[in-house]
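Structure record follows, encoded as structure tokens.
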Amino acid sequence: MNNNSTENHQKTISMSKSFKNLKTLVEVFYTYRVKNLDVLANPGKADTLVDQLFNDILKGEVESLKDIQSKYKDHKGKMAKLKQRLLKSIVFIDQRKNQYSPYGKAYYESNEKLFIINTLLGENAIAPAISICKSTLKMAKEFELTDLIFELSKILKNHYSTREDDEKKYAEYKNDALQYLAIIKAEYELKDIYETLTQPYLKSSLVNKNALEYEAQIDKLERLARTYNTKSLYDFFYRIKVHIYLSKLDFEKIITTCQEAKRLLKEGKWYRLASILWFEVNMLNAFIITKKYKEGRKAIEDSLSFVKEYTNNWLTLLDLYFKLALHSKEYDEAYFLLRRAKKQLSKKKNMPENWRMNNLYIQYLIKIGKLESKETKDEWLKLENNFLKKVPPFSEDKRNKNINILILQILFLLTKGNRKLDKEDCLKALARYEVDRLQKNKDYRINCFVKMLLQLSEGDYNSKRVARYASTYVEKLKAFPLEKVAHRIQDERIPYEDLWEMILVQLEERFGLN
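Residue numbers are given in my numbering: position 325 of the sequence shown equals residue 352, and the series is strictly consecutive.
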């Protein structure tokens, strides 16, 4: 590929990312916009093509950069102009909608007030700015919004030292600023350790040596959290503990640590739902890995009771519930959970990819007779051909997200009795991933399963022959259990061992033994 071709290819990828970002902005603005306020339409100045582009994206009439290029002449200009309007309109989104927890409402409202305060100060409207600053500081303290408390205290400290002579108030806000600066430093220290421990899991499934080093400092870190006693400090402290136990593959302690963290973080009048959910996800994955399905099921049901139904957080928990059902081979339960999610997912302009995958696995289980369809006319359970066909080029798939789609393509082709998989693009693509992309440690289980699938054509779809050819990789897969790649558990909706057994049964039923 020459330099011009490479440059054009990179530009195309960059524009595709720009379109995806624009699409996200459109969805966020439409979902949370203030009713009866059309910030896109400026009377007398409206660019009708930009308004049309907004509506086309919203209605799904343009779903890719290619669609925009074919419909709009100056597509780059229209995309840029729409992006700017949307970014300026973010200030008009309704931050008091019911989907926010008390903490979430306080967080967004306080940040909005800080913007207003700085704008008023810039316009020399001192009195209203200081009044808003004081009331906002009170709310920020109530919800431990450390960064905001520091910024608001600085504004008030400056005001009582330069504009209004009040030594007592100056000392009060100076003390606040110094106190919360110390808390910010403590929170930064623990957060930095947490991020240090998180980053290696994006690269490798091996034991995180950093985690074992920090284990020796755990008492010191706990004292730091207790000194300032904020929920944010406890949040990061317990996350560090989870990573330490994850590096030791001690899933029992991960469960107890998550349970302890959840109890502490829920104390008081408010909690940060995102923090609770982080521990919920890690705890539930640990339940799945240790095959404690009964305890995991109870934990999920308890969590669903305090999360507002049909919100994104509710869907996240339901997705974990779905995964637990598949791992415990409760396929009817998984089907029920998919149908339970339908009410919310049908409202979305674009189906989340994880639920599309869930849908396809249910459809696959129906096709091989593991499930019986509960509905005769269920559009949801029709094979999503477009989703399966729209696999981005190998060069654009930087995180190997397509492997599961390629695996699903092979599974569905097998249900049709296709014995020429080696002629299909999906098997060729899978072979290329195995050679060029998959990392030895991080992708070990995926690598084993890909090699098992590549034996289908080698064994001419004879179940016994394929099983014999793949046996080496099956043993390697069993010797490297799921707990060693716990952070990649989302890759295996159905554990590869179970999926392989289903494939061998398919081969016997579809192709016979000859």
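Just so you know, even glycine gets a beta-carbon here, dropped at the ideal spot from N, CA and C. Being a predicted model, the structure only gives us computed values, none of them experimental.
message: Quick check on A73: buried or exposed, where buried means 16 or more other Cβ atoms within 10 Å of its Cβ?
response: Note that A73 has pLDDT 48, beneath the 50 cutoff, so the model's placement of it is unreliable and no number is given.
field: Among K505, V308, Y471, F476, nearest to L438 - alpha-carbon criterion
entry: F476
field: Where the alpha helix (DSSP H) containing W297 begins and where it ends
entry: First-last for W297: undefined, no H or E at that position.
field: Burial state of L534, where buried means 16 or more other Cβ atoms lie within 10 Å
entry: buried
message: Give me, in chain order, the residues of the same chain whose beta-carbon lies closer than 6 Å to that of D346; leave out the 5 immediate sequence neighbours on both sides.
response: N381
field: the segment 179-192 contacting the segment 234-250, beta-carbon criterion three pairs below 8 Å
entry: no
- prompt: Going by other Cβ atoms of all chains shown within 10 Å of its Cβ, with 16 needed for buried, is I267 buried or exposed?
  reply: buried
- prompt: Among L433, L440, R472, D470, which one has its Cα closest to the Cα of K455?
  reply: L433
query: From what residue to what residue does the alpha helix (DSSP H) around R515 run?
result: Run containing R515: none; DSSP gives neither H nor E here.
query: Which term fits N474, buried or exposed, when burial requires 16 or more other beta carbons within 10 angstroms of its beta carbon?
result: buried
field: Exposure of R112, with buried meaning 16 or more beta-carbon neighbours within 10 Å
entry: buried
- prompt: Does the Cβ of S490 have 16 or more other Cβ atoms within 10 Å, making it buried, or fewer, making it exposed?
  reply: buried
- request: For E536, count neighbouring C-beta atoms within 10 Å of its own C-beta (all shown protein chains included) and say buried if the count is 16 or more, exposed if not.
  value: exposed
Boundaries (first-last residue) of the alpha helix (DSSP H) holding S330: 320-332
- request: Take the Cβ of P522 as the centre, count every other Cβ of all protein chains shown within 10 Å, and call the residue buried at 16 or more, exposed below.
  value: buried
message: Between G323 and L311, how many whole angstroms is the CB-CB distance? I'm expecting something under 8 Å.
response: 6 Å
Residue range of the alpha helix (DSSP H) that includes R190: From DSSP, R190 is part of no alpha helix (DSSP H); its letter is neither H nor E.
task: Using beta-carbon positions only, say whether K218 and A204 come within less than 8 Å of one another.
output: no
- prompt: Roughly how many whole angstroms lie between the Cα atoms of S400 and I316?
  reply: 29 Å
task: Would you mind working out which of L251, Y471, I395 sits nearest E502, comparing C-alpha positions?
output: Y471
query: What span of residues does the alpha helix (DSSP H) with G149 cover, start to end?
result: 129-149
query: Is T163 helix, strand or coil by DSSP?
result: helix
Between the CA atoms of E519 and D487 - distance to the nearest angstrom: 26 Å
field: N339 - containing alpha helix (DSSP H), residue span
entry: 339-354
field: Contact check, L141 vs T163, beta carbons under 8 Å
entry: yes
- prompt: Taking C-beta to C-beta, are A156 and S137 nearer than 8 Å?
  reply: no
Selected residue, minimal CA-CA separation from V53, among L291, A107, H186: A107
- prompt: For A154, which three-state DSSP category applies?
  reply: helix
query: By DSSP, does N202 sit in helix, in strand, or in coil?
result: helix
message: Taking 7 Å as the cut-off, is the C-beta of V334 nearer than that to any heavy atom in the ligand SAM?
response: Looking for the ligand SAM in the displayed structure turns up nothing, as the structure carries no ligands at all.
query: In whole angstroms, what separates the C-alpha of R383 from that of A494?
result: 30 Å
message: What residue range does the alpha helix (DSSP H) around N77 cover?
response: According to the sequence as given, residue 77 is Val; it is not Asn. Note, V77: alpha helix (DSSP H), 75-86.
query: Between D83 and V89, is the Cβ-Cβ spacing less than 8 Å?
result: yes
- request: Taking L351 as the reference, give the member of A368, K325, K370 with the closest Cα.
  value: K325
- prompt: Would the beta-carbon of L372 fall within 8 Å of that of I389?
  reply: no
task: Buried or exposed for R299, please, with buried defined as at least 16 other CB atoms from any protein chain shown within 10 angstroms of its CB.
output: buried
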